[in-house]
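Some notes on the structure that comes next.
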Amino acid sequence: NVILMIGDGFGLAHRTAARIVSRGLREGRYNAPLEVDDMDAHGYTSTSSMDSLVTDSANGGTAFAGGNKTKNGSLCVWPDNTSDPTDNPRFENIISYLKRTRGLAAGVVTTDSVAGATPAAFLAYCDDRNQTAKIVAQYPDSAPEVLMGGGRNVVSASVRDKFIKAGYAYVTTAAELAALPANTTKCLGLFSGDVMETYVDRAQAQRKGSGAGLTEPSLPEMTEAAIRMLSQYPNGFILVVEGASIDKESHSKDSNRAIWEAIEFDRAVGVAKRFAASRNDTLVVVTADHETGGLTITGLSGNKLSLGWGTLTITPGEGMTEPAYTAPATGSADHTAVDVPISAFGPGASEFGKYMDATEVFFCILRAVEGGYRRPEAQPGDVNGDGKITLADVTLLLRAAVGLTTIGR
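Below, the structure is given as structure tokens:
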């Protein structure tokens, strides 16, 4: 299994700010790491597109999905000289390839519209990311077993009905998702007309008892549901999870919403990690398609931090469990060419502990699926050979010392 988690716009400063806000510090030390901090390997990637130093999400998603560069705005196709955006030369995306060659099930989960550039890079081929009708029309043929996000207004009735006729459960609220039978293995979830609500706005809706956020599932909830469904397939699965509004709120210079979106994305990473830690056949990769906003963190007087676009006040020693509601910001910021962090957990994680171009992520994932990745060097005391000394190794050593067999235990 492979779980690729893309925090759209999720740069290193976003990670740091999320840790400050959600974990807190005492005497200069964080109380706890983020989920994404506590992984087996860490590296960084460069993100430029074929025609621009600064990528957009279409090329950014394409690098992961197809292992190639293209121009900004394109989805797993190369440029050509015709006006039809769907007749360009294609390179096969990773979901199509793994379904065709390995029989893997597939899922795509996003807080964006399902027609957004990042999910579309894994499910469609088009020279123009804005051609949403042409993009979504390809989804029934791409046939991801699980597709969840916003975008109810851009998925036509005919496309929706094709999924339903193919045996998919169709849900539009968090309650409907939670009520699905445990043996559900195909699901189309469209939880909003366009982009889903942010964590801050869902929390505010819950406090007021009204608002769209009351009916929408969180990214961790969608991730958990997708894993539950896909893990029932015997040949394994690939799941792509996007935290889209880190980028969207960073574009708006809304530091409050952007950082809480990063925190919620990290909680979804925790869901994936707990699943992977319970078995030995799942790789979790966490990265970003680009950084958004040029976020910086500087100190101000007292307990205040400047996050480049706004100011947050942090109580010393404590993390925050709930955000304070603020009106949306009205600024504007762009993507940057800054390298972004990449972290990995599970079999094949050793492939990601280095600098790489974003296109290399595609090939590292394929090597993990094929078992062709570099094994960590054994350390003294690493009895089970996973490259780490853990409680499992200590247990094996103790059993060996007292003459107990480990078979069946």
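Our numbering puts the first residue of the sequence shown at 1066, with every later residue one more than the last.
All C-beta atoms, glycine included, are put in the ideal place defined by N, C-alpha and C.
CB contact flag (residue i, residue j, <8 Å)
| i | j | result |
| --- | --- | --- |
| E1289 | G1278 | no |
| A1186 | N1153 | no |
| E1241 | S1283 | no |
| G1359 | T1401 | yes |
| L1069 | V1350 | yes |
| T1424 | G1074 | no |
| V1426 | T1110 | yes |
| T1197 | D1354 | no |
| L1295 | V1067 | no |
| G1258 | R1217 | yes |
| T1352 | I1071 | yes |
| G1076 | V1306 | no |
| G1172 | A1291 | yes |
| F1228 | L1253 | yes |
| G1126 | T1112 | no |
| D1346 | P1393 | no |
Same chain, Cβ closer than 7 Å to residue i, neighbours up to 5 away in sequence not counted
| i | result |
| --- | --- |
| K1199 | P1150, T1151, C1191 |
| G1473 | Unreliable placement is indicated for G1473, whose pLDDT of 36 sits below 50; no coordinate value is reported for it. |
| G1396 | S1317, K1318, W1374 |
| G1181 | T1175, A1309 |
| A1268 | E1387, P1388 |
| F1410 | M1104, D1105, K1338, A1341, V1349 |
| G1468 | Caution applies to G1468, whose pLDDT of 44 falls short of 50 and renders its modelled position unreliable; the model cannot decide the point. |
| F1156 | G1131, N1133, C1141 |
| T1249 | A1234, M1294 |
| G1436 | none |
| W1143 | T1135, N1153, P1154 |
Bridge-paired residues (DSSP) for residue i
| i | result |
| --- | --- |
| Y1420 | Y1109 |
| G1126 | DSSP output for G1126 lists no bridge partner at all. |
| E1356 | G1074, T1401 |
| A1170 | F1302 |
| F1410 | V1349 |
| G1364 | L1370 |
| V1067 | I1303, L1348 |
| R1094 | R1091 |
| V1142 | R1155 |
| T1191 | The sequence shown places Cys at residue 1191, rather than the Thr named in the question. Looking at the DSSP assignment, C1191 forms a beta bridge with L1140. |
| T1175 | E1307 |
Proximal residues to residue i (C-beta, below 6 Å), its chain only, five neighbours per side dropped
| i | result |
| --- | --- |
| N1096 | R1088, G1089 |
| R1332 | P1285 |
| D1145 | N1153 |
| S1207 | L1188 |
| D1102 | none |
| S1408 | V1101, M1104, H1107, V1351 |
Cβ-based neighbour list, residue i, same chain, cut-off 8 Å, excluding 5 preceding and 5 following
| i | result |
| --- | --- |
| I1362 | A1078, T1081, A1082, I1085, L1370, S1371, L1372, G1373 |
| F1428 | G1132 |
| A1202 | S1221, V1224 |
| Y1264 | S1283, R1322, W1325, E1326, I1328, E1329, P1388 |
| E1416 | A1106, A1409, C1429, R1432, A1433, Y1438, R1439 |
Contact test: residue i Cβ vs the ligand NAD heavy atom, cutoff 7 Å
| i | result |
| --- | --- |
| V1201 | This structure lacks the ligand NAD, and indeed carries no ligand of any kind. |
Ignoring anything shorter than 3 residues, give me the beta strand (DSSP E) runs that lie fully in the segment 1297-1332, in order along the chain.
1302-1308
Ranges of the alpha helix (DSSP H) found wholly within the segment 1206-1288, counting only runs of at least 4
1222-1230, 1239-1243, 1264-1273
The segment 1290-1304 contacting the segment 1264-1277, beta-carbon criterion three pairs below 8 Å
no
Is the segment 1323-1342 in contact with the segment 1068-1086, if contact means three or more CB pairs nearer than 8 Å?
yes
Segment contact flag, the segment 1210-1224 with the segment 1337-1345, C-beta cutoff 8 Å, min 3 pairs:
no
Would the segment 1169-1178 and the segment 1132-1148 be scored as touching if the rule is three or more Cβ pairs under 8 Å?
no
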